[in-house]
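S.K.: Offset between the sequence shown (1-based) and the working numbering: plus 71.
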Amino acid sequence: MQRRQFLSVMVGGVAVLGATRARAADASGLSAGEGVADITPPLGIELAGFHKPPGQERRVRGIRQPAEVRALVLTHGSTQMALCSLDILGLDHAMAARIQRAAAGRTGIPADNIHLVATHAHSMPTFLALRQWGGMSPEFMAVVEQRTVEAIVAAQADLAPAELALGKCRVPGGSHNRTVKPGEASTDAEFGPESTDAQRWLDTMLHALVFRRANKKPDLVWFHFSAHPVCYADEQAGPDWPGEVAQEIRTQLGLRPSFLQGHLGDVNPGDGSDWRGEIRQTVAAITPALKQAIADASPRHVDCLRTRSTPFNVPFDMERFEQWVGEYRSDPSKCQSGPWVDAGFAADWFRGNEHRDRNVTHLPITLGAVQLGPVGMLFHPAELYSYFGLAI
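1) Using the C-alpha atoms, what's the distance from Ser102 back to Arg177?
2) Buried or exposed: His433, going by 16 or more other Cβ atoms within 10 Å of its Cβ?
3) Name the two residues that bound the continuous beta strand (DSSP E) containing Val220.
4) Would you decide whether Ser297 is buried or exposed? Buried here means 16 or more other CB atoms lie within 10 Å of its CB.
5) With a cut-off of 8 Å, do at least 3 Cβ pairs link the region 347-354 to the region 224-231?
6) Could you tell me the boundaries of the alpha helix (DSSP H) in which Ala175 lies?
7) Please classify Met195: does DSSP put it in a helix, a strand, or coil?
8) Who are the Cβ neighbours of Val251 in its own chain at under 8 Å, not counting the five residues just before and after it?
9) Could you give the residue range of the beta strand (DSSP E) that holds Arg130?
10) Bridge partners of Phe330, per DSSP?
11) Decide if Arg172 is buried, meaning its Cβ has at least 16 other Cβ atoms within 10 Å, or exposed.
12) Would you report the Cα separation of Cys527 and Ile223, rounded to the nearest angstrom?
13) Hey, quick one: how far does the beta strand (DSSP E) through Gly238 stretch, first residue to last?
14) Applying the 10 Å Cβ sphere with the 16-neighbour rule, what's the burial state of Pro274?
15) Does Asn184 come out as helix, strand or coil in the three-state DSSP assignment?
16) Is Asn248 closer than 9 Å to Ser380 when the C-beta atoms are compared?
17) Within 10 Å of its beta-carbon, does Ala119 have 16 or more other beta-carbons around it, so buried, or fewer, so exposed?
18) If you follow the alpha helix (DSSP H) that Gly440 is in, where does it begin and where does it stop?
19) So is Gly161 buried or exposed if we call it buried at 16+ other beta carbons inside 10 Å?
20) Between which two residues does the alpha helix (DSSP H) carrying Ala462 extend?
21) Could you tell me which uninterrupted beta strand (DSSP E) segments, each at least 3 residues in length, are contained entirely in the region 242-310, listed from first to last along the chain?
22) What is the DSSP secondary structure of Gly409, reduced to helix, strand or coil?
23) In chain order, what residues of the same chain have a beta carbon less than 8 Å from the beta carbon of Val188, not counting five sequence neighbours either side?
24) If you run the structure through DSSP and keep just helix, strand and coil, what is Gln323?
25) So, with DSSP's three-state summary, where would you put Leu78?
26) Mind checking Glu425: buried by the 16 CB within 10 Å criterion, or exposed?
27) Bridge partners of Gly148, per DSSP?
28) Can you tell me which of the three DSSP states Leu143 falls into?
29) Taking the alpha-carbon of Met166 as reference, which of Gly133, Arg427 and Arg218 has the nearest alpha-carbon?
30) Take the Cβ of Met152 as the centre, count every other Cβ of all protein chains shown within 10 Å, and call the residue buried at 16 or more, exposed below.
31) Give me the Cβ distance between Gly460 and Val373, rounded to the nearest whole Å; I'm assuming they're in contact under 8 Å.
32) What does the alpha-carbon distance come out to for the pair Arg327 and Asp290?
33) Could you pull out every residue in the same chain whose Cβ sits closer than 6 Å to the Cβ of Gln363, ignoring the five residues on either side in sequence?
34) Measure the alpha-carbon distance for Arg74 versus Asn286 and round it to whole angstroms.
35) Opposite Asp109 in the DSSP bridges: which residues?
36) Identify the residues that DSSP records as bridge partners of Leu157: which are they?
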């Protein structure tokens, strides 16, 4: 075949592929759009995620990598929803409600259909009250709220017909259960109906949602994995391993993936050779798994988009609470390590809880759920241990 004929055939093939994608996207009835806003913190404010007693606070001294809020807006039929991933340690119910109300006012997306997820990066500030684990900056909180709303507005403006594809890949060496020695935890491959919390577990599966869009819009990738972003513990701010994995994917594939944190309560990144997680080894394990999940992603028929949020009261363990108060009142000298952290933390905790209202026996939370065709997502404000995440 002559060169000119070969090029003609190839160009024709791309045109057919493009038309096929457009038809598939239109037929699904699904549209997807993405918006991104910068939430890199200013120098000097507190970082969160590691215990620092008063006077020894960990503060932003430099920026290792810019931080972002990334928003995904999906529509199907008359239903519209937004999903936001924020490079922060956490946010409280009041902040989430303010963002939801403001975004609903600007986009028309119902507030209950707006779901907010923190990546739980320990090299970023917190917007959740934490005793001696990082203070909050009201000024930066206001900036992040505004930028999150802007990202949702931008995502809505970016909407285009899309076809959903789902890929998954296990990540050997990408995470470890930090409550046991490396290799001692059972994995998701062994999990079944008879599994119990008597064992330690580790979910090694990475899931990637790929939105293949029409109208020459770039494809979108949102991936889910369970591992604390704790590779760094210095005073350089940034998204930790999720940001560095995203940069690798951008360099290698030209895509900018967004991260959805999983059930990480007992899970650190890496293979366990470094308890906190060594960054290079962690990124080297997760990046190829994400690439494989994207490459293997197969189309999923989306026949519905449903979203629901519901309040739920989590019961406090009041018996244990009274035990702790009694232990400290009886002998503070025995409350200086383990769950007490250190003497200063224990004293601070006791002062804050000795006269706590015993009639308050539950923590009000919001649970959210999304059904995107055959894909289900659960949103909860907790660091679930691996067993419970796998059981759900």
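Backbone N, C-alpha and C fix where the C-beta goes; we use that ideal spot for every residue, glycine too.
M.R.: Put simply:
1) 19 Å
2) exposed
3) Looking at the DSSP string, Val220 is not in any beta strand (DSSP E); the run it does join, the alpha helix (DSSP H), is Pro209 to Ala228.
4) buried
5) no
6) His164 to Thr178
7) coil
8) Arg271
9) Note, Arg130: premise wrong, no beta strand (DSSP E); not H, not E.
10) Phe294
11) exposed
12) Limits of the chain in this structure are 72 at one end and 463 at the other, which puts residue 527 out of reach.
13) Ala231 to Arg241
14) Reading off the sequence, residue 274 comes out as Asp, not Pro. With 16 or more other Cβ atoms within 10 Å, it is buried.
15) helix
16) no
17) buried
18) For the sequence presented, residue 440 should be read as Ala rather than Gly. Unbroken run through Ala440 is the beta strand (DSSP E), His433 to Leu443; no alpha helix (DSSP H).
19) buried
20) Ser457 to Ala462
21) 246-248, 276-284 and 291-296
22) helix
23) Leu154, Cys155, Ser156, Leu157, Leu331, Gln332 and Phe450
24) helix
25) Low local confidence applies: a pLDDT of 28 at Leu78 is under 50, so the model's placement there is unreliable, with the coordinate-based value given in what follows. The answer is helix: DSSP assigns Leu78 an H, G or I state.
26) exposed
27) DSSP lists no partner for Gly148.
28) strand
29) Arg218
30) buried
31) Wrong, their Cβ atoms sit about 24 Å apart, outside the cutoff.
32) 9 Å
33) Cys240
34) With a pLDDT of 32 at Arg74, under the threshold of 50, the predicted position of this residue should be treated as unreliable, though the coordinate-derived value follows. Cα to Cα, Arg74 sits roughly 29 Å from Asn286.
35) Glu139
36) Val140 and Ala189
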